[in-house]
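One structure is given here, and the rest of the page talks about it.
Residue numbers (my numbering), protein chains in the order written: chain A, 1 to 110; chain B, 111 to 228.
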């Protein structure tokens, strides 16, 4: 099973908004509303950002939001800040009761 | 403090096995499944499987079936992941993660680097 497709990199200026896409198939992203997003700074463990497509865990800034349409999920970060520069990974539950991750997207804050 | 503390880095030769431990603290260990996720240097995340810490039931990614074993010792609030028949492609950081659902991981260990080299 191939990884979910994410753009390798995105960039934006402070204060702007960016969106990262995560494309799967009808056997994963399209099958359930079970998409999660994680943020990873260099040398650190990933941090839980979004679950069930659009829900934020306690403590996560409301500048992070998630959505889904068909087989593609999206993470939007509004009001970009320098500290948002990191790698972002999506994941989805699959119809074979496994979890699949995206390849990751490097966000650069210009 | 709610955390997962993993064992230290390992260096193994091809064909050997490695067993990584993950000690939970600050919460009730058997209230959440533990999953294992690995990440090769500069690469993405790869899910390896899950273990129900209450029932000891497990489920492994097809790629690792036959090579991975996930166990736990509830008296020590510790989960273990053993990977056998190691090859160079298994060189990666291995994370234990707490699952709040089958598909969402809210708490991550710091990771254990496993290096496989002859």
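Note that the Cβ used here is the ideal one computed from N, Cα and C, for glycine as well.
Given that residue 64 (chain A) touches chain B, what residues does it touch there, using C-beta distances under 8 Å? Per Cβ cutoff of 8 Å: no residues; residue 64 (chain A) is ~15 Å from chain B at best.
Specify the secondary structure class of residue 85 (chain A) as computed by DSSP and reduced to three states. coil
Beta-carbon proximity list for residue 95 (chain A), same chain, < 6 Å, skipping 5 on both sides: 27, 31
Rank B:208, B:220, B:212 by C-alpha distance to the C-alpha of residue 137 (chain B) and give the top, closest one. B:208
Considering only the alpha carbon of each residue, which of B:196, B:163, B:166 lies closest to residue 178 (chain B)? B:196
Can you have a look at residue 115 (chain B) and say buried or exposed, based on whether 16 or more other CB atoms are within 10 angstroms of its CB? exposed
Outcome for residue 16 (chain A) when other beta-carbon atoms lying within 10 angstroms are tallied against a minimum of 16: exposed
Give a yes or no on whether the minimum CB-CB distance between residue 100 (chain A) and chain B is below 8 Å. yes
On the criterion of 16 or more Cβ atoms from any shown chain inside 10 Å, does residue 183 (chain B) qualify as buried, or is it exposed? exposed
What runs of the beta strand (DSSP E), each 3 residues or longer, lie entirely inside the stretch 56-80 of chain A? With a minimum length of 3 residues, the continuous beta strand (DSSP E) runs that stay inside the stretch 56-80 of chain A are 64-69, 72-77.
contact_flag[the stretch 42-55 of chain A, the stretch 64-81 of chain A] where n(CB pairs < 8 Å) is 3 or more: Cβ pair count under 8 Å is three or more, so yes.
Mind reading off the beta-carbon distance from residue 160 (chain B) to residue 168 (chain B)? Whole number of angstroms is fine, and I expect it under 8 Å. 7 Å
Return the chain-ordered list of same chain residues with a C-beta closer than 8 Å to the C-beta of residue 118 (chain B), the five sequence neighbours on each side being excluded. Result list for residue 118 (chain B): 222, in chain order.
Below 7 Å CB to CB, which residues in the same chain sit around residue 216 (chain B) once its five sequence neighbours on both sides are set aside? The answer, listed in chain order, is 208, 210.
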